[in-house]
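Listed in order, the protein sequences are those of chains A and B.
Mapping of the first sequence onto this note's numbering: residues 1 to 324, in sequence order.
Mapping of the second sequence onto this note's numbering: residues 1001 to 1324, in sequence order.
Note that beta-carbon positions come from the ideal geometry of N, C-alpha and C, so glycine has one too.
Take a look at the structure set out below.
2 protein chains.
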Amino acid sequence: MATVSRVINKNEYVNKETEQKVIVAMQELHYEPSSLARGLAGKKMNTIALMIPDISNPFFPGLARGVEDVAQQYDFNVFLCNSDDLAYKEKSYLEILRKKSIDGLIIISNNVNEEELEPLRMANIPVVLLDRPFNEQNYSVVRSNNRNGAIMAVEHLLAIGCKKIAHIAGPEKFVTARERRLGYEGIVSQYSWYTPSLIEHANFDIEGGKQAVTKLVANNTDIDGIFAGNDLMALGALKQLIKLGKNVPDDIALCGFDGISLTELTQPEITTIQQPIYEMGAAAALTLIKKLKGEITETKIQELDVKLIIRGSTEKGKKLPLAT
Amino acid sequence: MATVSRVINKNEYVNKETEQKVIVAMQELHYEPSSLARGLAGKKMNTIALMIPDISNPFFPGLARGVEDVAQQYDFNVFLCNSDDLAYKEKSYLEILRKKSIDGLIIISNNVNEEELEPLRMANIPVVLLDRPFNEQNYSVVRSNNRNGAIMAVEHLLAIGCKKIAHIAGPEKFVTARERRLGYEGIVSQYSWYTPSLIEHANFDIEGGKQAVTKLVANNTDIDGIFAGNDLMALGALKQLIKLGKNVPDDIALCGFDGISLTELTQPEITTIQQPIYEMGAAAALTLIKKLKGEITETKIQELDVKLIIRGSTEKGKKLPLAT
DNA sequence: TTGAAAGCGGTACCAA
DNA sequence: TTGGTACCGCTTTCAA
Chain A
1 MATVSRVINK
11 NEYVNKETEQ
21 KVIVAMQELH
31 YEPSSLARGL
41 AGKKMNTIAL
51 MIPDISNPFF
61 PGLARGVEDV
71 AQQYDFNVFL
81 CNSDDLAYKE
91 KSYLEILRKK
101 SIDGLIIISN
111 NVNEEELEPL
121 RMANIPVVLL
131 DRPFNEQNYS
141 VVRSNNRNGA
151 IMAVEHLLAI
161 GCKKIAHIAG
171 PEKFVTARER
181 RLGYEGIVSQ
191 YSWYTPSLIE
201 HANFDIEGGK
211 QAVTKLVANN
221 TDIDGIFAGN
231 DLMALGALKQ
241 LIKLGKNVPD
251 DIALCGFDGI
261 SLTELTQPEI
271 TTIQQPIYEM
281 GAAAALTLIK
291 KLKGEITETK
301 IQELDVKLII
311 RGSTEKGKKL
321 PLAT
Chain B
1001 MATVSRVINK
1011 NEYVNKETEQ
1021 KVIVAMQELH
1031 YEPSSLARGL
1041 AGKKMNTIAL
1051 MIPDISNPFF
1061 PGLARGVEDV
1071 AQQYDFNVFL
1081 CNSDDLAYKE
1091 KSYLEILRKK
1101 SIDGLIIISN
1111 NVNEEELEPL
1121 RMANIPVVLL
1131 DRPFNEQNYS
1141 VVRSNNRNGA
1151 IMAVEHLLAI
1161 GCKKIAHIAG
1171 PEKFVTARER
1181 RLGYEGIVSQ
1191 YSWYTPSLIE
1201 HANFDIEGGK
1211 QAVTKLVANN
1221 TDIDGIFAGN
1231 DLMALGALKQ
1241 LIKLGKNVPD
1251 DIALCGFDGI
1261 SLTELTQPEI
1271 TTIQQPIYEM
1281 GAAAALTLIK
1291 KLKGEITETK
1301 IQELDVKLII
1311 RGSTEKGKKL
1321 PLAT
């Protein structure tokens, strides 16, 4: 038994011949070591968890793919947890992760804080914060440069001639939403046309975008550019603008944030700030796995760059094919 | 120890007082039973696996949510496996599932067959086939009525006055694609205008839809209706039709299949055959869990009904707001 | 280089 | 109704 164990764990002190015999026997018997037993005996389960708010929001599957692909490469499995951004579901999952002896966690969350992660720290389970860091001191973090992205978006709208630019901001509890808003404010506050009523808060989804546009258009008859805090809101915004009879981009230009592929589906296609979604997931997974392997111990912050993707929704004056 | 175990497992033979003492102690010590140890000792891990082809295709997160919600309700966790529809990834996952002592499996796959699932049967791990059954005899199956849906789609296109209806069919290796094609053929073959060149095969994705439309329009100058085998293809088809200068629905009407929410995002919105996606996932999970609990033993087939959702892409002659 | 034996943290049977 | 104890399948000393 002990020798078989040594073979499985590639322990050096095994005679080559014995090793071969064991390997052959394992194949003949279709033997597969039980992860449970190994885990119980103190070994890693080779499983990491990924906690995301909602798998139905196309941004997250992108991240998940990045995480999963890297994990697979290093022979790790991914346990996916949908939290619905609900604190109680997150807590419940954190317990489950410990019960199931998960090796590490990548988490995207607005609700979780140090205290909640304390039990994981005690159990020596490393954590990587993805996309929405609540703390950049004690945890490794992977995120993109939200503020810069917002600045790029607004400057692009200005460059194409927009004279009054509104912002649909995500909920304040999202770090990402706050940073993007700050980026927007940083630029527009220099202009005389700027008033706080140009910022409309909404949920990070399609419906949120629709509602915000309705309010914005009602309150500010002369806006000619909108920077939406994420692509789903931009999608909703576009839909609603068309419904209100606005021409996009000639009446109102529109720029989103994220770079999800849906933005290429609409008519016109939506200009957006593209985050390296897949790469963010991959980077988070790589960091976590290296920590698990003991290859890195310090915490580190990885801020990935975003990119402006110019599409029809900000190409004023261009003739586009008719949609209907 | 034994008594604590009894309390955890709600064994009846425990004195109420003792039980209380144990519960209090567990709380004070923040005691959480190890799933691994329980699993090793022969208990269920309360975890089921869901194998899907690709989490990035919006159809699957919908299913996954259904599965997950029901699982959560019954205190089960879901281990998500992305197979990319690749046989080798599926095989590798099937092994992992056994190593990790997963209790049951819900699988959506074109590649897996009886033989591959044999080890699971041996290990007494129940399996439910979802969406794409390869066998309806020996496994419980949850799927929707694809053939009927296709018939509804074509009849709807006929009803609005289409005189020549093409079909973009998914890859033949998908049962779902075959059934929908059969539904289409069943109706159209009665008409004198029908020729096999009205069927174009393509991948079940946006790009597939685009390519198919290009070919269809080139080969059949007079088609005025298209039934796409799934919504992603319909999305691509719409995009390409607009690019080719076709008016949808007036020149060519379009109907998809699945009912994913993206079809509401386009201009015009796309008519589709809606599958009860979430319910399919939920039904599969429920069936599996009941099997695990021993509440059902026989295999059963659940065929859920689909529904025609009429939208702009088949509302000929209606004025729609301009998109650009 | 190998085998024997003591855990890992539970469950379940048996006797008390 | 409770406690003692032999596993579950593997890892890891310790001796041989």
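Considering just the uninterrupted stretch of the beta strand (DSSP E) at Ile1052/B, what are its terminal residues?
Sequence index remark: in the second sequence, residue 1052/B carries index 52 (1-based). Note, Ile1052/B: beta strand (DSSP E), 1047-1052.
Can you check the segment 1039-1090 of chain B for any beta strand (DSSP E) of at least 3 residues that lies completely inside it and give the ranges in chain order?
Within the segment 1039-1090 of chain B, the complete beta strand (DSSP E) runs of at least 3 residues are 1047-1052, 1077-1082.
Evaluate contact between the segment 1108-1124 of chain B and the segment 1083-1097 of chain B, counting only Cβ atoms and requiring at least three cross-stretch pairs below 8 Å.
The answer is yes - the segment 1083-1097 of chain B touches the segment 1108-1124 of chain B, with three or more Cβ pairs under 8 Å.
Quick one: measure Cβ to Cβ for Lys99/A and Ser1034/B, integer angstroms, because I've assumed they're closer than 8 Å.
The count along the first sequence starts at 1 and reaches residue 99/A at position 99. The count along the second sequence starts at 1 and reaches residue 1034/B at position 34. Lys99/A to Ser1034/B, Cβ: 6 Å. Contact.
Identify, in the order they occur along the chain, each residue of the same chain with its Cβ nearer than 7 Å to the Cβ of Gly1161/B, setting aside the five sequence neighbours on each side.
By 1-based counting over the second sequence, the position of residue 1161/B is 161. Cβ within range, chain order: Lys1316.
On the criterion of 16 or more Cβ atoms from any shown chain inside 10 Å, does Pro196/A qualify as buried, or is it exposed?
As a first step, residue 196/A is located in the first sequence; it is residue number 196 there, counting from the start. Pro196/A comes out exposed.
By the 7 Å beta-carbon criterion, what residues does the segment 255-281 of chain A contribute toward chain B?
Those would be Leu262, Leu265, Thr266, Gln267, Pro268, in chain order.
Closest to Tyr1139/B by C-alpha separation, out of Leu1040/B, Val1112/B, Lys1163/B, would be which residue?
Position 139 of the second sequence, counted from the start, is the residue given in the question as residue 1139/B. Nearest C-alpha to Tyr1139/B: Val1112/B.
Return no unless some Cβ of chain A is closer than 8 Å to the Cβ of Glu1068/B.
Position 68 of the second sequence, counted from the first residue, corresponds to residue 1068/B. Yes, Glu1068/B lies at the interface with chain A (some Cβ there is under 8 Å from its Cβ).
Excluding the five sequence neighbours on either side, which residues of its own chain have a C-beta within less than 7 Å of the C-beta of Tyr1184/B, listed in chain order?
Position 184 of the second sequence, counted from the start, is the residue given in the question as residue 1184/B. The residues are Ala1150, Val1154, His1167, Phe1227.
Consult DSSP for Leu36/A and reduce its assignment to one of helix, strand or coil.
As a first step, residue 36/A is located in the first sequence; it is residue number 36 there, counting from the start. Leu36/A: helix per DSSP, three-state reduction.
Does any residue of chain A have a CB that is nearer than 8 Å to the CB of Lys1016/B?
Indexing the second sequence from 1 puts residue 1016/B at position 16. So, not an interface residue.
Using 8 Å for Cβ pairs, my map puts Glu1279/B next to Gly1104/B. What's the rounded Cβ distance?
The residue given as residue 1279/B occupies position 279 in the second sequence. The residue given as residue 1104/B occupies position 104 in the second sequence. So it is not a contact: roughly 19 Å between Cβ atoms.
How long is the line joining the alpha carbons of Ser1144/B and Lys1307/B, rounded to whole angstroms?
Residue 1144/B sits at position 144 when you count from the first residue of the second sequence. Residue 1307/B sits at position 307 when you count from the first residue of the second sequence. Computed Cα separation, rounded: 10 Å.
Along the beta strand (DSSP E) that carries Lys1173/B, what are the first and last residues, could you check?
By one-based count along the second sequence, residue 1173/B stands at place 173. Counting along the chain, Lys1173/B falls outside any beta strand (DSSP E), and DSSP gives it neither H nor E.
Name the residue from Val1248/B, Ala1087/B, Pro1268/B whose alpha carbon lies nearest to the alpha carbon of Glu1115/B.
To locate residue 1115/B, count along the second sequence from 1; it is residue 115. Ranking Val1248/B, Ala1087/B, Pro1268/B by Cα distance to Glu1115/B puts Ala1087/B first.
Can you tell me whether Met45/A is buried or exposed? The criterion is at least 16 other CB atoms within 10 Å of its CB, across all chains shown.
Looking up residue 45/A in the first sequence gives position 45. Flag for Met45/A reads buried.
Report the option in Ile206/A, Lys163/A, Glu269/A, Gly256/A whose CA atom is closest to the CA atom of Asp222/A.
Working through the first sequence from its first residue, we reach residue 222/A at position 222. The shortest Cα separation from Asp222/A among Ile206/A, Lys163/A, Glu269/A, Gly256/A belongs to Lys163/A.
Could you compute how far the alpha carbon of Val1022/B sits from the alpha carbon of Gly1039/B?
Along the second sequence, one-based indexing puts residue 1022/B at 22. Along the second sequence, one-based indexing puts residue 1039/B at 39. Roughly 22 Å separates the two Cα atoms.
Under 8 Å between the Cβ atoms of Ala1234/B and Gly1259/B?
What you label residue 1234/B is simply residue 234 of the second sequence in a count that begins at 1. What you label residue 1259/B is simply residue 259 of the second sequence in a count that begins at 1. It is not a contact, given that the beta carbons lie outside the stated cut-off.
Just list the residues that DSSP pairs His201/A with in beta bridges.
Translated into positions along the first sequence, residue 201/A becomes position 201. Answer is Ala169/A, bridged to His201/A.
Using a C-beta cutoff of 8 Å, does Ile1096/B count as contacting chain A?
Within the second sequence, residue 1096/B is the residue found at index 96, counting from 1. Ile1096/B counts as touching chain A.
To which residues of the same chain is Ile199/A closer than 6 Å at the C-beta, ignoring the five residues directly before and after it?
Reading the first sequence from its first residue, position 199 is the one you call residue 199/A. If we look at Ile199/A and ignore the five residues flanking it on each side, its Cβ neighbours are His167, Ala169.
Taking C-beta pairs closer than 8 Å, name the residues in chain A that Glu1032/B reaches, listed in chain order.
Along the second sequence, read from residue 1 onward, the residue named residue 1032/B stands at position 32. The contacting residues are Glu95, Arg98, Lys99.
Could you tell me whether any Cβ in chain A is nearer than 8 Å to the Cβ of Lys1164/B?
Here residue 1164/B refers to the residue found at position 164 when the second sequence is read from its first residue. It does not: the Cβ of Lys1164/B has no partner Cβ on chain A nearer than 8 Å.
Tell me, please, whether the CB atom of Arg65/A is closer than 8 Å to any CB atom in chain B?
For this step, residue 65/A is matched to residue 65 along the first sequence. Closer than 8 Å: yes.
For a contact defined as C-beta to C-beta under 9 Å, what are the partners of Asn77/A on chain B?
Taking the first sequence and counting its residues from 1, the one referred to as residue 77/A is at position 77. Per Cβ cutoff of 9 Å: Phe1079, Cys1081, Tyr1093, Ile1096, Lys1100.
So, is the C-beta of Ser1056/B closer than 8 Å to a C-beta in chain A?
As a first step, residue 1056/B is located in the second sequence; it is residue number 56 there, counting from the start. Answer yes: the Cβ-Cβ gap between Ser1056/B and chain A drops below 8 Å somewhere.
Any idea what DSSP makes of Leu1029/B, helix, strand or coil?
Taking the second sequence and counting its residues from 1, the one referred to as residue 1029/B is at position 29. Correct three-state label for Leu1029/B: coil.
Do you know how far the Cα of Leu1254/B is from the Cα of Leu238/A?
The residue you call residue 238/A lines up with position 238 of the first sequence. The residue you call residue 1254/B lines up with position 254 of the second sequence. The alpha-carbon atoms of Leu238/A and Leu1254/B are separated by roughly 22 Å.
Which same chain residues, not among the five before or five after Ala1002/B, have their C-beta less than 8 Å away from its C-beta?
On the second sequence, position 2 is the one that residue 1002/B refers to. Here the set comprises nothing.
So with CB distances below 7 Å, who are the chain B contacts of Lys239/A?
For the purposes of this step, residue 239/A is taken as the residue at position 239 of the first sequence. Leu1265, listed in chain order.
Per the DSSP calculation, Ala1228/B is bridged to which residue(s)?
In the second sequence, counting from the first residue as 1, residue 1228/B sits at position 228. Answer by DSSP bridge pairing, in chain order: Ile1168/B.
Going along chain A in order, which residues have a C-beta closer than 7 Å to the C-beta of Ala1037/B?
Along the second sequence, read from residue 1 onward, the residue named residue 1037/B stands at position 37. Per Cβ cutoff of 7 Å: Leu40.
Within the chosen definition, does the segment 204-211 of chain A reach the segment 60-80 of chain A through at least 3 CB pairs nearer than 8 Å?
Segments in contact, no.
Start and end of the beta strand (DSSP E) containing Arg1143/B?
What you label residue 1143/B is simply residue 143 of the second sequence in a count that begins at 1. Taken as a continuous stretch (DSSP letters only), the beta strand (DSSP E) holding Arg1143/B covers 1140-1144.
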